[in-house]
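Asks: By this note's numbering, the letter at position 137 of the sequence shown is numbered 124, and the numbering carries on one by one without gaps. Cβ atoms here follow ideal geometry from the backbone N, Cα and C, with glycine treated the same way.
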Amino acid sequence: MISPNILFEDDDILVIEKPAGVIVNNSDTAKNLLTIQDWIQEQYKFPKIFTEENSEFEKRSGIVHRLDKETSGILIIAKNQESFENLQKQFKSHEVKKTYIALVHGDVIPKTGEINVPIGRLPWNRTRFGIYAQGRESQTNYLVLETKKSNTDRQNEIFSLVELYPKTGRTHQIRVHMQHIGFPIVSDALYAGRKTSKKDRKILKRHFLHASKIYFIHPRTGKILDLTSPLPADLVDFIDSLI
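Below, the structure is given as structure tokens:
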């Protein structure tokens, strides 16, 4: 059974570190897989029969936002309807500040910048998202922390360790935005290109993206919560393999 690390918990909210490789929400495509939602229902006994006034909260087992399957890091769960609604409003009004860490291909220049292009599901490939004129407004700011070089047969390859600050929360947003500016995330099977991701995945089995920090207002007390999740061991090991 999944046993995520708990960063913060009280009567109103739960903040966990989602492991890579675990799906957040139950769905038709995840029928035979254990999800974070399964774990929440087991631990906190969310009802299986939904009341009309609390239906979204109950159907989602309090999960306020989501992370992709291969993305690790911080996830917020509400324990009651009031907290769920409050946190949803904070996300919609961009009061929640999220920070991600990614390792991308290439020497990212400029070292700090803003990516502001619309994202939508691609009509010709429904599993992928992309830059799409009819898509939704999407903004990601970034800061390059350091550059690295391969220490293997890919001796001349350069990587950039990047901190990312999404201002909107579109599906695959960071992955699409980094691919759009020419610096795809390492081991990203959807957006780094088949040949590149296949080579990456011989060393790192999932994409290098981690939800490392989150800042929000506690829905009941009004106090600021500023939480941090360190890079998991697999990502640290990959960075340590570079020079």
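Any chance you could list the alpha helix (DSSP H) runs of at least 4 consecutive residues sitting entirely within the region 29 to 92, in chain order?
Replies: Fully enclosed alpha helix (DSSP H) runs of 4 or longer: 42 to 46 and 68 to 79.
Asks: Using a threshold of 8 angstroms, state whether the C-beta atoms of residue 203 and residue 82 are closer than that.
Replies: Looking up residue 203 in the sequence shown gives position 216. Looking up residue 82 in the sequence shown gives position 95. Result yes, Cβ atoms of residue 203 and residue 82 sit closer than 8 angstroms.
Asks: Helix, strand or coil: which one does DSSP assign to residue 126?
Replies: The residue labelled residue 126 in the question sits at position 139 within the sequence shown. Strand.
Asks: Name the one or two DSSP bridge partners that residue 136 has.
Replies: The residue labelled residue 136 in the question sits at position 149 within the sequence shown. DSSP lists 145 as partners of residue 136.
Asks: Return the first residue and the last residue of the alpha helix (DSSP H) that residue 164 is part of.
Replies: To locate residue 164, count along the sequence shown from 1; it is residue 177. 160 to 167 is the span of the alpha helix (DSSP H), which, as asked, contains residue 164.
Asks: Which ranges does the beta strand (DSSP E) cover as unbroken runs of at least 3 residues, wholly within the region 184 to 213, from first to last along the chain?
Replies: Listed in chain order, they are 196 to 204.
Asks: Could you give the DSSP three-state label for residue 2: helix, strand or coil?
Replies: The sequence position of residue 2 within the sequence shown is 15, counting from 1. Note: residue 2 maps to strand in three-state DSSP.
Asks: Does the region 146 to 164 come into contact with the region 112 to 119, if we say contact requires no fewer than three beta-carbon pairs (one atom in each stretch) closer than 8 angstroms?
Replies: Yes, they touch.
Asks: Closest to residue 310 by C-alpha separation, out of 175, 199, 201 and 198, would be which residue?
Replies: Not covered by the structure: residue 310. The range shown for the chain is -12 to 230.
Asks: My understanding is that residue 221 touches residue 191, with C-beta atoms under 8 angstroms, so please give their C-beta distance in whole angstroms.
Replies: Your numbering for residue 221 matches position 234 in the sequence shown. Your numbering for residue 191 matches position 204 in the sequence shown. That belief holds up - the Cβ atoms of residue 221 and residue 191 are roughly 7 angstroms apart, short of 8 angstroms.
Asks: Are the Cβ atoms of residue 90 and residue 148 separated by less than 8 angstroms?
Replies: Here residue 90 refers to the residue found at position 103 of the sequence shown. Here residue 148 refers to the residue found at position 161 of the sequence shown. Yes, these two residues count as a Cβ contact at 8 angstroms.
Asks: I need the DSSP call for residue 27, collapsed to helix, strand or coil.
Replies: Position 40 of the sequence shown holds residue 27. Reduced to three states, the DSSP call for residue 27 is helix.
Asks: If you run the structure through DSSP and keep just helix, strand and coil, what is residue 226?
Replies: Along the sequence shown, one-based indexing puts residue 226 at 239. In the structure shown, residue 226 sits in a helix (DSSP, three-state: H, G or I).
Asks: Would you mind working out which of 112, 95, 159 and -11 sits nearest residue 58, comparing C-alpha positions?
Replies: Here residue 58 corresponds to residue number 71 of the sequence shown, with the count starting at 1. Nearest of 112, 95, 159 and -11 to residue 58, Cα basis: 159.
Asks: With burial defined as no fewer than 16 other Cβ atoms inside 10 Å of the residue's Cβ, what is the status of residue -10: buried or exposed?
Replies: Walking along the sequence shown from the start, residue -10 turns up at place 3. Classification for residue -10: exposed.
Asks: Just grab the DSSP bridge partners of residue 131 for me.
Replies: Translated into the one-based positions of the sequence shown, residue 131 becomes position 144. In DSSP, residue 131 forms a bridge with 149.
Asks: Please go through the same chain and pick out, in chain order, the residues whose beta-carbon is closer than 8 angstroms to the beta-carbon of residue 6, but skip the five residues on each side of it.
Replies: Locating residue 6 in the sequence shown gives position 19, counting from the first residue. Around residue 6: -11, -9, 59 and 219.
Asks: Check each candidate in 30, 65, 56 and 229 and name the one with the smallest Cα separation from residue 45.
Replies: For the purposes of this step, residue 45 is identified with residue 58 of the sequence shown, where counting begins at 1. The residue with the shortest Cα to Cα distance from residue 45 is 65.
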